[in-house]
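Worksheet: the structure to be examined is printed underneath.
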Amino acid sequence: MAGKWIDAGKGLALVSGMVAASIGAPAAWGKDGDAAAWTLQQAIGDPDNLKVSGSVRIRYEALDNQFRPGLKDSDSIVLLRTSLTAEYDTGPVRVGAEVMDSRVYSAGPGSSIGTGEVNAVELIQAYVGFDLGKALGSKSETTLDVGRFTMDVGSRRLVARNNFRNTTNAFFGFKAQYNGSGGTYGTAFYTLPLMRLPDDKASLLDNKVERDRQNFDLTFWGVSLGKPVHDGSTVEVYFYGLDENDSPDVATRNRTLYTPGLRLHRKPKRGKFDYEFEGAYQFGHIRASKAASAAKLDVSAYFVHATVGYQFAMPGSPRIAFEYDRASGDGSNGSFGRFDTLYGARRTDFGPTSIYGPLSRANISSAGVRLEVTPEKRWDGLVMYRAAWLESATDSFANTGVRDPSGASGSFAGHQVEARARYWIVPKLLRVDTGAAVLLTSGFLDRAPGANRNGNPLYGYFDLIATF
Numbered sequence: 009m010a011g012k013w014i015d016a017g018k019g020l021a022l023v024s025g026m027v028a029a030s031i032g033a034p035a036a037w038g039k040d041g042d043a044a045a046w047t048l049q050q051a052i053g054d055p056d057n058l059k060v061s062g063s064v065r066i067r068y069e070a071l072d073n074q075f076r077p078g079l080k081d082s083d084s085i086v087l088l089r090t091s092l093t094a095e096y097d098t099g100p101v102r103v104g105a106e107v108m109d110s111r112v113y114s115a116g117p118g119s120s121i122g123t124g125e126v127n128a129v130e131l132i133q134a135y136v137g138f139d140l141g142k143a144l145g146s147k148s149e150t151t152l153d154v155g156r157f158t159m160d161v162g163s164r165r166l167v168a169r170n171n172f173r174n175t176t177n178a179f180f181g182f183k184a185q186y187n188g189s190g191g192t193y194g195t196a197f198y199t200l201p202l203m204r205l206p207d208d209k210a211s212l213l214d215n216k217v218e219r220d221r222q223n224f225d226l227t228f229w230g231v232s233l234g235k236p237v238h239d240g241s242t243v244e245v246y247f248y249g250l251d252e253n254d255s256p257d258v259a260t261r262n263r264t265l266y267t268p269g270l271r272l273h274r275k276p277k278r279g280k281f282d283y284e285f286e287g288a289y290q291f292g293h294i295r296a297s298k299a300a301s302a303a304k305l306d307v308s309a310y311f312v313h314a315t316v317g318y319q320f321a322m323p324g325s326p327r328i329a330f331e332y333d334r335a336s337g338d339g340s341n342g343s344f345g346r347f348d349t350l351y352g353a354r355r356t357d358f359g360p361t362s363i364y365g366p367l368s369r370a371n372i373s374s375a376g377v378r379l380e381v382t383p384e385k386r387w388d389g390l391v392m393y394r395a396a397w398l399e400s401a402t403d404s405f406a407n408t409g410v411r412d413p414s415g416a417s418g419s420f421a422g423h424q425v426e427a428r429a430r431y432w433i434v435p436k437l438l439r440v441d442t443g444a445a446v447l448l449t450s451g452f453l454d455r456a457p458g459a460n461r462n463g464n465p466l467y468g469y470f471d472l473i474a475t476f
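At position 459 of the sequence shown (counting the first as 1) the number is 467 in my numbering, and the numbers step up by one without a gap.
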């Protein structure tokens, strides 16, 4: 393990060197460090009808005591993500594009990296947008985007543009957004999700450039509506559909999934209680395997999330929140019960992802407590504790890949503790983000067949992001 963290030190030195090089920068921005940061928009003269921006993020991360079966015991990588976005607005018509370059370095064949870490030089957005104004009412605003785009919908648990992850979900199709009187809002879309390529380990390790593709063998569509109700609360309802079929060169499980859901939430506010309750049911059908002759199974799955928090009206604005998450796993009743999180993000609820990320919105029952603080506008931090159980003792636990078909290994998996701190070195331009997490395995993860039994998985990351 000592050699492992010596390697970690080398990676941290790479990122820390960038931080050190920027330490003198705040003086150039004024004594309070709050002066406006340089941007690409300023560099081109800040025209009204053209908006450009970019970002570069470098991250070093390391994992000891790998929990995934069949991979090396420890892993460390350097991730680099660069993006450039532009949008030209003629008034009623907008034309936009975004190129994202996501790469990995210092990884090996025994690493868990995949298309979540690598997608080199990809046009993730290329769209034509139409501002339809009051087409749906005198007090409304409606937009329609057609082409390639990313999107966040609702809580982002089922549809999201990924942030912590090095690559992101992207879609081809149309997206309509509506804002009406009284704060009502809605999103409707019909898309072909982009399949990130390449997806073989050798090409990913080489950061090979290959164009992502989409086709009608995989479609994703849905609608989400929200409306303020009372006392600062908002209610949302949604319905998503996913249709998947085999293509000539890709075998699938032929998923047909329908996911209706409901969410009620109130945002955190100093001196006030806040809350969030969300639940979704999933039905449809899926093949038992990717084999063309595999049996078709009915789907019956669900997830629920609950948070109750309070933000104190005192320096640092500390907020404490109690959380509970439950997502169904596959049992032995003849139907398929494992919840599919579709194109959602999980970092906020379940901790860091990337080469870590043992917890996910599938076959889990987990309760936890979170503490967030903002000592000043340039600093913020959090610590969180979770205990986790399997919802179904016979299914694979969350995102670990560990399963005991007999169910004899029990249902308690362990405890996760995570911490994170972020600091703006140069406000609005340069920020450092660092964190760590440990999974204290117990019960199932110590006894199940295939469990690595090599100790408690320990993960840390350090990243630096420049936005301009």
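Every residue gets a Cβ at the ideal spot worked out from N, C-alpha and C, and that includes glycine.
CA-to-CA distance, residue j to residue i, given in whole angstroms
i      : j      : result
Leu390 : Thr267 : 32 Å
Phe405 : Asp54  : 51 Å
Ser84  : Phe470 : 12 Å
Ser63  : Ala296 : 42 Å
Val154 : Lys59  : 19 Å
Asp348 : Val167 : 12 Å
Gly359 : Ser146 : 43 Å
Gly38  : Ile433 : At Gly38, the pLDDT of 41 sits below 50, so the modelled position is not reliable and the matter cannot be decided from this model.
Ser114 : Arg369 : 30 Å
Met159 : Ser110 : 18 Å
Leu272 : Phe247 : 15 Å
Thr315 : Gly191 : 23 Å
Arg478 : Asp239 : Outside the shown range of the chain, which is 9 to 476, sits residue 478, and nothing can be said about it.
Ala444 : Thr361 : 11 Å
Lys280 : Phe330 : 15 Å
His423 : Met392 : 11 Å
Thr98  : Gly116 : 48 Å
Arg219 : Met203 : 9 Å
Val258 : Gly122 : 17 Å
Val217 : Asp208 : 12 Å
Leu205 : Asn177 : 12 Å
Whole-Å CB distance - residue i paired with residue j, under 8 Å assumed
i      : j      : result
Leu200 : Phe224 : 7 Å
Val136 : Val107 : 17 Å between Cβ atoms; not a contact.
Gly317 : Arg165 : That pair is no contact at about 17 Å.
Ser374 : Ala401 : Rounded, the Cβ-Cβ distance is 15 Å, inconsistent with contact.
Leu350 : Leu250 : 6 Å
Val126 : Thr175 : 7 Å
Arg439 : Arg430 : 6 Å
Gln319 : Arg274 : Gln319 to Arg274, Cβ: 11 Å. No contact.
Collapsed DSSP secondary structure at residue i in the structure displayed
i      : result
Gly191 : helix
Arg204 : coil
Thr260 : coil
Leu270 : strand
Arg355 : helix
Ser211 : helix
Phe452 : helix
Pro236 : strand
Lys216 : coil
Arg221 : strand
Tyr364 : coil
Gly458 : coil
Ala370 : coil
Gly32  : With a pLDDT of 46 at Gly32, under the threshold of 50, the modelled position of that residue is not reliable, and no figure is offered here.
Phe179 : strand
6 Å CB neighbourhood of residue i in its chain, flanking five on each side removed
i      : result
Thr408 : Phe75 and Pro366
Gly234 : Tyr193, Thr242 and Glu244
Gly269 : Tyr246 and Ala288
Pro77  : Gly409 and Gly458
Ser417 : Phe452, Arg455 and Ala456
Contacts around residue i, its chain only, beta-carbon distance under 7 Å, and the 5 residues preceding and following it disregarded
i      : result
Phe382 : Checking the displayed sequence, the identity of residue 382 turns out to be Thr instead of Phe. Only Gly324, Ser325 and Asp388 meet the Cβ criterion.
Ala105 : Ala94, Leu131, Gln133 and Ala134
Pro457 : Asp412
Asn464 : Asn73, Val446, Leu447, Leu448 and Thr449
Gln222 : Phe180, Leu200, Pro201, Leu202 and Met203
Own chain partners of residue i with C-beta closer than 8 Å, once the 5 adjacent residues on each side are dropped
i      : result
Asp403 : Gly337, Asp338, Gly339, Gly345, Arg346, Asn371 and Arg411
Discussion item. Which runs of the beta strand (DSSP E) at least 3 residues long sit entirely within the segment 84-171? Give them in chain order.
Written reply: 101-113, 127-141 and 149-157
Discussion item. My parser needs the beta strand (DSSP E) runs of 3 or more residues fully inside the segment 380-439; what are they?
Written reply: 387-397 and 420-434
Worksheet entry | Residue ranges of each beta strand (DSSP E) within the segment 295-350, 3 or longer | 304-319 and 327-335
Worksheet item: In the segment 37-82, which residue ranges form an unbroken beta strand (DSSP E) of at least 3 residues, counting only runs that do not cross its ends?
Response: Complete beta strand (DSSP E) runs here, min 3: 58-72.
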